[in-house]
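Residue numbers (this note's numbering): 116 to 212.
Virtual Cβ for every residue (Gly too), placed ideally from N, Cα, C.
Just so it is clear, the structure is predicted and the values come from calculations on it, not from any experiment.
Have a look at the structure below, then the notes.
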Amino acid sequence: MPVRNHYRVTKYDPAQRDASGAFTGEDWTALSDVGKSFNGEQLSLSTYLDMEATHLVVVASFLDESATSLVVAEGVENHNQTFGVTEDAQLSPIEAT
């Protein structure tokens with residue numbers, strides 16, 4: 116299946132990535148970081164969930180704007196198997212509200 120569009124949604128500054136694309140900065144990267152301090156501020160569950168929700172809104176906007184009917188997950192980072200999306204999973208579009 117040909118790829119029409121490729122989007123990457125990330126909260127990390129691209130300047131803080133190494134040659135392989137891995138983030139090298141000092142910032143939270145996972146749910147397991149809730150309660151830890153970064154840049155002098157403790158990461159709350161609320162802040163974590165707000166950022167995750169923002170990512171979903173952005174993805175929904177991409178889908179809506181491009182009239183996309185199918186999304187394939189690539190580069191899935193699910194190290195602890197905490198959610199059901201796997202690499203190359205075909206996802207149904209979601210409606211932006």
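Residue i and residue j: beta carbons closer than 9 Å?
i	j	result
residue 160	residue 172	no
So residue i is in the alpha helix (DSSP H); what residue range does that whole segment cover?
i	result
residue 121	Run containing residue 121: none; DSSP gives neither H nor E here.
residue 163	160 to 181
Could you tell me if residue i is buried or exposed, where buried requires 16 or more neighbouring beta carbons within 10 angstroms of its beta carbon?
i	result
residue 131	exposed
residue 164	exposed
residue 210	Only weak support is given to the placement of residue 210: the predicted model assigns it a pLDDT of 47, under 50, and the question is left unresolved by the model.
residue 124	exposed
residue 206	exposed
residue 185	exposed
Please check the pair residue i and residue j, which I expect to be a contact at CB under 8 Å, by giving their CB distance rounded to whole angstroms.
i	j	result
residue 203	residue 188	7 Å
Is DSSP giving residue i helix, strand or coil here?
i	result
residue 135	coil
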